[in-house]
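Report on one structure; see the data block that follows.
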Amino acid sequence: MKKSDFENIIRISGTPNYVASAFSPWQWPAQPRCSSRVFYRFLGFQKYNCVDLNQEHGAVSLDLNHPLQDSSLFSQFDLVTDHGCNEHVFNTGEAYRTMHRLCKPGGIILIDQSVWEGNGYYLYDLSFFEGLAAANSYKIIYSGYVVTFRERTSDGSNIQYPIKGRFFPSNKNTTGICSASFLIPLVGHMCLSTQLHWIVSGPRNC
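Take the sequence shown: its position 156, counting from 1, is numbered 157 in our numbering, and each next residue is one higher.
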């Protein structure tokens with residue numbers, strides 16, 4: 002996204018206290034890059050951390066193919082995100098197990114994945130993430146797709162269109178989830194009875 006379009010979104014949303022100079026340098030995918038820490042601090046998050054083998058911007062050095070061993074990081078984060086990382090990890094199930102371990106009970110796991118050819122080892126669909134949710138009793142807040150038709154803004158950013166997805170309201174107690182062990186989902190006729198119930202009746206709890 003071009004910085005001018007980002008600033009237009011900030012203006013329209015009415016989010017206060019934006020300081021343009023803090024978001025510098027703005028030149029992705031070129032180096033050096035501005036850390037996402039600036040964006041999350043702008044949104045009001047006090048604690049931020051990230052995972053990257055190169056330890057750039059103070060990241061935790063971890064090969065996501067392997068289990069997270071540092072138990073001091075378990076259940077520490079209200080929000081854990083995957084903005085197009087885990088499809089590049091061959092052992093992708095372990096990467097999502099790490100996200101599960103990092104998230105606090107009652108926290109949010111946000112996954113925003115690309116589904117075009119050649120972007121990584123895997124092209125996910127909704128059933129992958131909904132199966133992940135079923136196996137681990139997550140509540141799905143929103144599930145859907147965003148598409149682009151190669152249309153661009155006057156400044157050159159892709160215009161994106163959300164396809165109406167599915168909302169899953171729940172009044173279940175969610176405070177215990179993510180303190181339990183991460184479970185691998187099963188597909189189709191191999192589903193566990195609890196997962197089959199979720200597919201027929203909607204999600205359990207978060």
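Positions of the beta carbon are idealized from the N, C-alpha and C atoms, including for glycine.
Sequence-distant partners of Tyr123 (beyond 5 residues in either direction) whose C-beta falls short of 7 Å from its own C-beta, in its chain, are Glu88 and Thr93. In the DSSP assignment, Tyr162 forms a beta bridge with Val148.
The closest CA to that of Phe75, considering only Ile160, His101 and Pro17, is found on His101. Where Asp79 is concerned, the enclosing beta strand (DSSP E) starts and stops at Phe78 to Asp83.
For the set Ser115, Ile109 and Gly45, the Cα lying nearest the Cα of Tyr19 is the one of Gly45. By the CB criterion at 9 Å, Leu133 and Ser144 fall outside the cutoff.
In terms of Cβ geometry, Ala96 and Leu54 do not form a close pair [threshold 9 Å].
Here Gly157 is actually not in contact with Lys48; their C-beta atoms are around 34 Å apart, not less than 8 Å.
In this model, Gly121 and Val90 are separated by some 8 Å (Cα to Cα). In this structure, Gln70 lies away from Leu103, with their beta-carbon atoms at least 9 Å apart.
Separation of His84 and Phe40 (C-alpha to C-alpha, rounded to the nearest whole angstrom) is 14 Å. Beta-carbon to beta-carbon, Ile164 and Val148 are separated by about 6 Å, close enough to satisfy the 8 Å threshold. For Arg153, same chain residues with a beta-carbon under 8 Å away, outside a window of 5 residues either side, are Asn159 and Ile160 in chain order. Distances from the CA of Ser138 to each of Pro106, Ser73 and Asn50 were compared; the closest alpha carbon is that of Pro106.
Counting only runs that start and end inside the stretch 91 to 159, the beta strand (DSSP E) elements of at least 3 residues fall at 104 to 112 and 144 to 148. The shortest C-alpha to C-alpha distance from Glu57 to any of Arg42, His67, Leu187 and Pro33 is the one to Pro33.
Taken in chain order, the stretch 27 to 54 contains no complete beta strand (DSSP E) segment of 3 residues or longer. Looking only at Thr99, Ile110, Ala23 and Ser73, the smallest Cα-Cα distance to His67 is reached by Thr99. Here the C-alpha atom of Phe43 lies approximately 9 Å from the C-alpha atom of Thr16.
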